[in-house]
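Going left to right, the sequence shown walks through residues 1 to 289 as the working numbering numbers them.
For glycine and all other residues, C-beta sits at the position ideal for the given N, C-alpha and C.
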Amino acid sequence: MLNRTVMFAKQHTPDSVRVLGRRALLEAHNAKLRITVPVEDRSPFVNIYHCAVRKTASQWVKSVFSDPIVYRRSGLVTYDPRYYGWKDPRVCPPQRIGLSLYFPYKRYSKMPKPAEHRTFFIYRDPRDLLVSSYFSTRDSHTPMGDVLAVRAALRERSQKDGMLYLIENLTRKGMFNAVRSWVEAPPSETIRLVRYEDLTGEDQAAEMDALMRHCGIVLPPEELTALLEKYSFSRMNERKKAGGISHYRKGKSGDWRNHFDDDIDQAFRNATGNLLDILGYSPTDATTR
């Protein structure tokens with residue numbers, strides 16, 4: 001009953017009220033960290049930027065980088081500019097980790113940044129992006145932007161027709177081109193490209209350690225292990241599920257195989273061109289380079 005109540009509240013609370021509530025929670029969380037958690041090491045960077053497209057574990061990244069373990073080893077608190085109306089001209093103030101910047105590379109390259117910064121962009125097999133976006137938009141995503149309109153369109157269609165509709169919708173919004181822009185951008189020591197499949201797979205500890213070090217954050221092995229165990233996908237699902245529907249769903253690489261047919265595959269290829277090739281995904285195997 002409680003879970004269903006939470007889901008109902010998420011789906012029916014006005015967006016402006018939710019934004020204010022999330023801002024208050026973020027401020028309270030950061031204030032508590034500053035008061036109760038001693039900083040033992042500091043990152044040399046003024047800002048860290050987490051860039052992505054939707055459905056690449058953004059909420060998971062937010063939870064990990066907001067944890068006291070990361071604050072203790074970095075001195076940086078998290079900041080989501082969406083909750084502040086994008087008012088800061090630098091996107092996020094100094095000594096912050098800017099979260100969930102859904103920017104194509106061109107927009108990112110033009111935003112003001114301090115000299116001492118690091119950036120990481122998370123990408124995922126775009127076929128899994130499509131499938132995850134479909135179920136999230138149809139069933140569980142908090143209403144914002146055009147979510148309700150797209151949800152209505154998906155619910156009045158069969159699953160197959162809904163996915164064909166969503167391919168056109170995401171193409172029009174530029175999601176696939178945003179991914180392409182980052183992977184085709186000039187190499188830079190300030191930017192690390194991270195595969196979702198590596199960040200959530202068998203070598204997760206090594207990949208997360210490399211990502212943290214890129215951000216100037218060095219976690220002792222035991223603390224890294226504790227952090228990843230705390231935010232395992234199974235535990236996140238248990239904490240986040242509401243009304244029997246989890247916003248995280250499976251988080252499983254290659255789930256697209258369970259939903260694609262020849263028509264969806266052809267429509268996807270028409271929309272994305274050689275994107276799978278430049279990302280290093282096999283046309284038939286979502287987990288090989």
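8 Å contact criterion, which residue i and residue j should meet: CB distance rounded
i, j, result
"Tyr-84", "Arg-23", "7 Å"
"Thr-119", "Thr-190", "6 Å"
"Asp-294", "Tyr-281", "No answer is possible for residue 294: it lies beyond the span of the chain, which begins at 1 and ends at 289."
"Thr-272", "Phe-176", "5 Å"
"Thr-78", "Tyr-196", "About 20 Å; that fails the 8 Å criterion."
"Met-127", "Leu-219", "Note on residue identity: the sequence assigns Arg, not Met, to residue 127. Incorrect: roughly 32 Å between the Cβ atoms, too far for contact."
"Leu-224", "Asp-209", "6 Å"
"Val-39", "Gly-75", "4 Å"
"Ser-158", "Tyr-105", "Between Tyr-105 and Ser-158 the Cβ distance is about 36 Å, and since that is not below 8 Å, they are no contact."
"Arg-54", "Tyr-102", "6 Å"
"Arg-155", "Arg-138", "6 Å"
"Val-61", "His-50", "6 Å"
"Val-183", "Ile-278", "6 Å"
"Leu-275", "Val-64", "In fact, because the Cβ distance is near 27 Å, the residues do not count as touching under 8 Å."
"Asn-169", "Val-147", "At roughly 11 Å, the Cβ-Cβ gap does not stay under 8 Å, so Asn-169 and Val-147 are not in contact."
"His-29", "Ser-66", "7 Å"
"Lys-160", "Asp-261", "7 Å"
In DSSP terms, what residue i is bridged to
i, result
"Val-77", "Arg-96"
"Tyr-49", "Gly-98, Thr-119"
"Val-194", "Ile-122"
Residue i burial status per 10 Å Cβ neighbour count (16 or more: buried)
i, result
"Gly-21", "exposed"
"Trp-86", "exposed"
"Asp-198", "buried"
"Lys-113", "buried"
"Ile-122", "buried"
"Leu-33", "buried"
"Asn-270", "exposed"
"Ser-246", "Legend: pLDDT at Ser-246 = 44, less than 50; position of this residue unreliable, no value from coordinates given."
"Met-144", "exposed"
"Asn-47", "buried"
"Ile-264", "buried"
"Thr-284", "exposed"
"Ser-232", "exposed"
"Ala-205", "exposed"
"Ala-267", "buried"
"Leu-351", "Only positions 1 to 289 of the chain appear in this structure, which leaves residue 351 out of reach."
"Arg-133", "It should be noted that the sequence gives Ser, not Arg, for residue 133. Ser-133 comes out buried."
"Ser-188", "exposed"
"Ala-31", "exposed"
"Ala-152", "exposed"
"Arg-115", "The amino acid at residue 115 is misidentified as Arg; the sequence shows Ala. Under this definition Ala-115 is an exposed residue."
"Gly-244", "Confidence in Gly-244 is poor, its pLDDT being 45 and thus under 50, which makes the residue's placement too unreliable to answer from."
Chain D within 8 Å of residue i, Cβ atoms only
i, result
"Ala-57", "Reference to chain D is not applicable here, since this structure consists of a single protein chain."
**Asked** Hey, is the segment 157–166 in contact with the segment 88–99, meaning 3+ C-beta pairs nearer than 8 Å?
**Response** Under the Cβ criterion (8 Å, minimum of three pairs), the segment 157–166 does not count as touching the segment 88–99.
**Message:** Which runs of the alpha helix (DSSP H) at least 4 residues long sit entirely within the segment 100–183? Give them in chain order.
**Reply:** Qualifying alpha helix (DSSP H) stretches, in chain order: 105–110, 126–135, 147–155, 159–173, 175–183.
**Request:** Mind the definition here: the segment 208–222 touches the segment 41–61 only if three or more C-beta pairs lie below 8 Å; say whether that holds.
**Result:** Yes, the segment 208–222 touches the segment 41–61.
**Request:** Please specify which runs of the alpha helix (DSSP H), each continuous and at least 4 residues long, are wholly inside the segment 202–238, giving them in chain order.
**Result:** Runs of the alpha helix (DSSP H) inside the segment 202–238: 204–214, 221–230.
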